[in-house]
Each structure stands twice: as C-alpha cells, then as structure tokens.
Amino acid sequence: MKFKGLIFKKFDLHIHTPASKCFVDKFENDISAAQAIVAESIKKDLAAIAITDHNTGRFIDIVKSVARDTELVVFPGVEITVGDAHNHVIAILDIDRTTNDIEDLLMAVGIPNNERGKEYAFSKKSVIEVIDIITSEPFNGIAILAHIDSTNGVFEQMRGEPRIKVIQHPKLIAVEAVNYDKVAKLLNGKDPNYRRKLAVYQASDNPCLDKNGKIITSGKYAGKHCIAGIGFRYSYFKVDQNISLESLRQCFIDPEVRVRQSWEYKDEVYPYIKRVKINSGFLNEVEAVFHSGLNSILGAKGVGKSLLIEFIRFALDQEPSHEEIRIDHATKLEEQLGQYGEVEVLICDETGKEFLIKRTYDPSEDNPIQCLDLSNNEIIDVNISQLFPILALSQNEIIKIAEDKKEEQMKFIDKFFDFYFYTNQISILEKELEDLDREFASAIRAYHEHKRLKKQLVTAKLELGRLTKQLKNPIFAEIAKYEQKDKIFRIQEEYLNTLKDYLEQLVNIISNEDIPPLEDELRNDPALKRNLNILKKTKTELLDVLKSQKKEIEKSSQDISLEYQKWLPLFNQRKDKLKEIVLKLGGDVQILEQRRKDKIREIENIEKKLTAIQSKSSQIKEIFKRRNQKLEELKQIYSSYFNERKNKCEFFEKASNGKLKIEIIESSNRDEFKKSLMDLKRGSYLRDFEIEQICEKITPYEFILELLRYDLLRNDAPEEASKKINEISTKTELPFEKIKGLVDYILSLIENRDLDYEDLLKLQYKAYPGDRPIIKYNLGNLTNPKYESLDKISTGQKCTAMLILALSDGKMPIIIDQPEDSLDIRAIWEDMCKKIRTGKEKRQFVFTTHNSSVAVASDSDKFIIMTGTALRGEIIYAGSIDNEKIRKEIIKYLEGGLTTYKLKFLKYNISKLLKEIDNE
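So that you can map any letter, position 746 of the sequence shown is 878 in the numbering used here, and since no number is skipped, the others follow by simple counting.
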C-alpha cells in the first residue's frame, strides 16, 4: 500500500440540492440535477463536496451515484436546524455512508420523516445534544457550526454562557465562517471568553449569484441556493489521495498545517527529491517516492533507514566532510551498496525542471555520475552538488559539527547561501596564482642563476685577459676583436629568429582562438550578427598583418645574414693566419692558444645562458605586481565572502528568536598556516609555541613576502636583508636570531631541493586565514538571557543550536538521519517541530526518526514504513497518517504499539491534563 501523501485539495463542504426547499434551479429530474451539481463541482476544480441539505439526506445517494465514475469525492451530510433559535449545525459522515444513515441521524435528533426537508422543521434538542449525537455511535460523524457569524449561525442566534458552552464543547472541532478573519480571531484560543482554538474554514452554501458573480442579497433569490453558487467560497484541505472522514478530522484537529483559505493557499515551487531507486546491495530494488514536504522514514533498527539517507548523499555527491562520519559513510557504500551498485535519484529544481541522476559505486573510476536533463533527454556534465544542493546529516553528524570549533561549523553555515559563487571565484584565482607562482619562482631562480653566472662571466673574462697578455703577438689582440664581432653577428641572427618564433606562436594562438558563437535562440539577432561579422573581420585582418610581418622579419633576417656572409671570409683569413703563427711558435704558445679558445667558448656559453635568463630575471617586479593584483582580488573576494557569512549569521540570530548569538571573526582561523609552518620548521630549533606565535601575529602573505625579500637581498645587500628579518621579528615578538634561523633553514631546503619556491608562494593563498564562527546558545530566556559558547554547554544544547540553524532558512532539501538524537526532548517541539510545521510548504524534509513529536506532531506529509531481514530491507507502506493501516504502523514504531500507548495514556491521565490546558 503506497500513496503519494498529503496534498492540498479544494473542498466545498456546504452544498444544497433540489432536496432543499430553498433551491431555485429547475431540472427535469433528480438525475439531471445531480449531474449538474457534479459537473459544476468538477468545473470549479473541487476535489470533494459535502451534500448538506436542510434537514434531509434525500439527494445524497443520487449525487454519489453520478459522481462514482469521476474523481469527485462526495461526503454525505445534512444541515440540521436546531432549537427555537433555528441554529444551523452541519453533520458530515464518512464517504461510505448513505441517505439512510442521514435519515437515521435526523430521526435521532428528533426530526421525524414527515418533516424532512421542510423549512419549518427543527430539532428540539440543544446544539450540544445534537453535536453529541452526530459525533457518537453509530454515526461517528463530524459536527460543524454552519455559517457561525451569519443568519442561523451560533454567533448570531445565541448569547452569553450557552454560546460559550457550545464553543467549548470538546466534540466540536470546526466551524464554518462567512467573515473568516473575524471568526478566526475569536476562535484562536486567545479570546478571554471562549478560550478555545477551533478550525475555521469557508464553504459556499451555494448562494444565488447575480450576473457579476456576487451574492444576491435582496429580492426573491436572496438566501436561496443554486448550481452557480457551488464553489463560491471554498477552502483547501491537506489530505491523502484516498479522501475520507478521517482526512477531515485530521485537518480540523490541526488546521494550522492542514487548512488554508482560498486567498492563503499558494502553490510554492522549490527544489525537492522526487524518487530514489537502488539496484544493488541491502536495498536492492527498493524505490522510495518522496513528498515535497515532510517525509518520515520509520522502521525497526537495521532495516536500512540510514542506508537510504547515505545512498541519497552518495548519488547527489554531497558526502560528509567530517573524517569520522566520512569513513562510516564510505564503509556503508562498500558493504551495503557494493561494487558497481547504482543509485538513481529523480530531482526537481526550483523552476520545476527535472533531472535524473545516476551514480555507480566504482571507486577505481571515482564513482561516475550521469545527469540526464529530462526536459530534452540530454546528458549534461554538471557539478551535481552545485546544481542541486541539499543539507544532509548522517547519524550523529550534527554532534560532530557542534563539537568542531572552526572548520565544520563554518562549512555548515556556508550551506545556507550560494557559497559556490565565492568558492568558484576563489578556485579560478588560485589556479591563476598557481600559474603566476611558476612564473615568479622561475624568475627568482633565474635571478639567483643570473647572479651566479655574472660572477662566472667576470671571472672568465679576467682569465681570458691574462691569457691574451701571455700571448704577446699583436695578432692575438686583433683576432679577439674579430671574434667579438663574429659573436655579435650570430647574436643578431638569433634575435630575429627568436622574434620569428614568437610571431609564429602568436599566429597559432590567434588562429586557434574560436570566435564566440551565438546561442540558438539569438542566432538571428541583427545586432549580434553584425558584431559577429566585426569579430570575424578583426581576426582575419589581424592574422593577415601578423603573417605579413613574419615575411618582413624573414627578409630582415636574410639581410643580416648577407652582411655576415660578406664579412665572414675576412674573419676566416685572420683565423688561418693565426693558425700559421701558432704552429711556427709551437710549445707553450699552442697550449695557451688552446686555453684561450676554450675560455672564449666558455664565455660565449655563459653569455648565452645570461641572455636566456636575463628576461626571466628582469620580470620579477612585473610578475610580482601582477601576482599582487591577483592576491588583492582574492582578498576582496574573501572580504565579500565574510560579509555574506556575517549577514547570514545576523539572519540566523534574528530568526532564532533570542535562542542564538552568532559572530563571525574575519580571517581568524590560521590552522592551515600553522600546520604548514610546523611541517617546515623541523630542524630549525624553533618550538611549537613559537610557531604558533608567528602564525597568530603575522599573516602568511606578510611572512612569505619578507622571507623572499630577504632571499633576494642577502648576498648583495646583507644589511637590507637583515631589515626584512627584523620586520618579522618585530611583528611576531620573537628574537631576531630565532626568525633568521627559521628563514635560513627554509631557504636551505630550497637550495637542497627539498622544497620549491612554488610551495612557499602557495602558502600566501592556500593558507589564507579563514573566518571563524562563534556560536552562543541562550541557557536563559528572552527576559534574562544567558548566552554560552558551544564549547561550554551540553551535547544536547549544542545539537539544538545547530538544528536551529539548519531549520531557519533556505529552500534546499533537508535530509537528516534521526535529527532528535542527543537533543533535549523539551527542545524538540519548540525548536524543531514548530519550524518544520511552518517550513514544510516551502522546502522538503526527509527524516529517519523514532520520535513521535518529529513525525506526528510536525504532521508528516508522508510516512515511509520499512521492514527487513538480515539480508534485505524493503518499503512496505507509504502514505499519510490519515490511513488507518499506516496509523497503526506509526503507533507501533513510535509509541511501542497500541497496548503500550493505551497504558501510557492512562498513566499520564491525559484526559484530565488536556482539560487543564483547555481551562488555562
């Protein structure tokens, strides 16, 4: 037995037929009249009607017969005239009752057969007596005071104590009103006379209407009834698909969540999970269809309730972040879903669009996900957790979050706004910074290499000078000039070749850069098409210019090469002459000349290397500037992120009605910086508390900046370099020697290739100080508040505070495995159930629970009853509490069964306690 659960449906519970003498429409026969009533009801989108003629039930069976093949539900009823004051009381019986049952009821209240349907007929019993008869055996109906604030209504016809007694009668559970606001205010439980909260609703009494659709208030049709008036007034009742008298009773005893007036009802659209299906493991072939409101999953221990929650989290790629809970989650997937097991989830987003998500458990392939857009049956590649965020909590996860002082609580708060807006920007900037880090690190290495090579070059040139002096023949000085000129020719050729390479790279980049296409719906937009032509033309012209320039460079290269080739024979002549002289001189001269040639080659190689790294080395300032701009952008994003968090926490605080105080301390969580520095400091002789002091007193950005400045200055300007160490020392309040020892040690790791510059640079943003929440819970009351931080209160109070946050805002589905765990039982109704009751019309809740307050008092829209064996779990029932079989299952799992519940009821002396509440 599986039903959809509760949905709001349109009811008109006060309809007259030709059986009432004041009905004015004429028909050939009763069947025609009944057909017209049913047709008009369906036309007005009514799901149920009550036939309530004056003092007769003659038309009930006729209307029920006509409606049998439609979806319209017909309640047997009657409008009974009571006492000399002619107060009208409506009786509604269950849908399987007939005309005969209404006739028996009329007999019981004292209206004989010969007076049925007559205008002057009335019961001589009191209103209270009639209510008692309607609600007792054998009728077991619902008694309602008809149009209580109008003609023949109790507010109009009765006064004083008799009226108060009627209103306070415990078997009266609903009244029908014409002026809803006025009546609802009197019967909201706060009126000092009535002190009674009753369900108030509207129904049509199908009045005669004028051509403008307004009630006729004068003339022969005033106060009469007709077909057109059906549905003139109505109310929405939240019921299961199998509508019954129990559906009405449930609505009347809990009207806050079950009854809406026509102007109050709004069909909200918000994201929710429609269905989950599992094809493997313990829940193989289980398919759970969820309600868009409150779903309560019940069952004994070990039937798979928690697994259902874990599998949903898995499919929607929103698994736990807390390490202990994450491991438990992974174990359940491995053992209870199994390799290649698939979970399928059908979701509906806030626009009403549906997506089918399938995820396969295959860790070797990173558990692949497939998302099918059902609007066009196309598979899309999206971030599921961003497309459809949920707030999911596994069993005891709320406790772990509540006990975590920083990271988990911050992640929890982030779930209540679009944090992806910030994290995506942060991720993009971090990727750009990683690229800049490589450039910057390369430039720093080039800087140090440039310094080293320059020293080598100076040394090599000095050695060359000495060798040249030792070779006293003037030819050696002359050949040195020729060699220098030859080198410059080759450098000039290489320069143009480099320009040509750069140009070819640029041509390839531009050629491969696609012009932005037009979307299908804007493909024929004139302005965009004109712009598209401009883009195409610009790209073509730019490529033409570059290709033309490439030809110019090739021509220039030929010209330079020609000059070189003209001069080269002269150089070769001088080299030949030098060889002759060296051969003649022999001995030491030959050795010295060879050494001179080797030194020239060495110098040339050094100069080539210097030329190659010169541009990189000289880019330090430019890269530093670009990188700093990105870091500043990152800082601004973090600042906006903080403001969003701050605003959200202010909202939480306000929504908690004085239960919470929440503060966000900006950039105060330096755990990541501390962890990184602790790893780096081993061997530096600094103690842990000194590292902690550094992390508290200086930001990662400042620390790394001064360290790098020291690194670049320490060889050439040691005094300036020392100032950088002193900057850190002053800010951290640690001795100069301690800081210098740490910095030198870190730089030695780089020199020994145990650490890269990139690793240091990354600390400036990867270890960016995080925001830290301070959540305080009110242990007092609104008059005398006493706020204590979470680390100073009990586990139950911690969890209550976190659940207040969870239930305070947002439209994303909330999925929690046993939310009542570790909560103070007194807080469940006030801090949880009340919020669920008001929130479940604009967001989805899926709970596993053993708590009747959570499931029943919160008015679950759908119960899912699970059972199982050691090998397999299954769903046996699904639907609302309106259904008797499901109601019995609820009592079994939440109250321990009927016998136990009866004993508790008697021991509590509930009847007496309820009377005391009513009399307060």
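Where a beta carbon is used, it is the ideal one built from N, C-alpha and C, also for glycine. Remember, it's a predicted structure, so these values are computed and weren't measured experimentally.
query: For D903 versus I997, is the C-beta distance shorter than 8 Å?; result: no
query: Starting from the Cα of L955, find the closest Cα among I936, K972, I946 and give me that residue.; result: I936
query: Beta-carbon separation of L628 and I692 under 8 Å?; result: yes
query: Cβ of E890 within 7 Å of any heavy atom in the ligand NAD?; result: The ligand content of the structure shown is nil, which means the ligand NAD is not present either.
query: Whole angstroms are fine: how far does the CA of D162 sit from the CA of K974?; result: 44 Å
query: Taking just the CA atoms, how far does V262 sit from E378?; result: 20 Å
query: Mark V677 as exposed unless 16 or more other C-beta atoms lie within 10 angstroms of its C-beta, in which case mark it buried.; result: exposed
query: Which of helix, strand or coil does DSSP assign to P658?; result: helix
query: In three-state terms, what does DSSP make of S173?; result: helix
query: By a C-beta neighbour count over all protein chains shown, 10 Å radius and 16 as the cutoff for buried, is T483 buried or exposed?; result: exposed
query: Please state whether DSSP places C503 in a helix, a strand or coil.; result: strand
query: Output yes or no for whether 8 Å exceeds the beta carbon distance between Y1009 and I1018.; result: yes
query: Assign V477 to one of three DSSP states: helix, strand, or coil.; result: strand
query: Please list the terminal residues of the continuous beta strand (DSSP E) segment that includes S428.; result: 426-431
query: Does the beta-carbon of Y900 have 16 or more other beta-carbons within 10 angstroms, so that it is buried, or is it exposed?; result: buried
query: In this structure, how does DSSP classify L91 when only helix, strand and coil are distinguished?; result: The displayed coordinates of the chain run from 133 to 1052. Any statement about residue 91 would go beyond what the structure contains.
query: Give me whichever residues DSSP pairs with K409 in a beta bridge.; result: E419, E476
query: Could you say which of Y1025, K671, L448, I823 lies nearest to C503 if we only look at CA atoms?; result: L448
query: For the putative contact between V210 and G189, defined by C-beta atoms under 8 Å, what is the C-beta separation to the nearest angstrom?; result: 5 Å
query: Along the chain, where does the beta strand (DSSP E) containing I489 start, and where does it finish?; result: 486-492
query: Using DSSP's beta-bridge definition, name the partner residues of T999.; result: E1006
query: Apart from the five residues on each side of it in sequence, which residues of its chain come closer than 6 Å, Cβ to Cβ, to K1057?; result: Since the first residue of the chain shown is 133 and the last is 1052, residue 1057 is not available in this structure.
query: How long is the line joining the alpha carbons of L440 and Q527, rounded to whole angstroms?; result: 12 Å
query: Would you call the CB atoms of K464 and E442 closer than 8 Å?; result: yes
query: Using a Cβ-Cβ cutoff of less than 7 Å, which residues in the same chain neighbour Y82 once the five nearest sequence positions on both sides are dropped?; result: The question about residue 82 has no answer, for the chain in this structure spans 133 to 1052.
query: So, V986 versus P951, is the Cβ gap smaller than 8 Å?; result: yes
query: So, is S788 buried or exposed, given that buried needs 16 or more other C-beta atoms within 10 angstroms?; result: buried
query: Counting only the same chain and skipping the five closest in sequence on each side, list residues whose C-beta sits under 7 Å from that of D226.; result: S376, L377
query: Just how far apart, CA to CA, sit E828 and R802?; result: 7 Å
query: Label F384 either buried or exposed according to how many other C-beta atoms from any shown protein chain fall within 10 Å of its C-beta, with 16 as the threshold for buried.; result: buried
query: Nearest-angstrom Cα distance between I299 and Q382?; result: 19 Å
query: Name the two residues that bound the continuous alpha helix (DSSP H) containing A217.; result: Looking at the DSSP string, A217 is not in any alpha helix (DSSP H), and its letter there is neither H nor E.
query: Is the beta carbon of V241 less than 8 Å from the beta carbon of S255?; result: yes
query: Along the beta strand (DSSP E) that carries T980, what are the first and last residues, could you check?; result: 977-980
query: Could you check how far apart the C-beta atoms of D144 and I362 are, in whole angstroms? I think they sit under 8 Å.; result: 6 Å
query: If we count the other Cβ atoms within 10 Å of its Cβ and call it buried at 16 or more, is I576 buried or exposed?; result: buried
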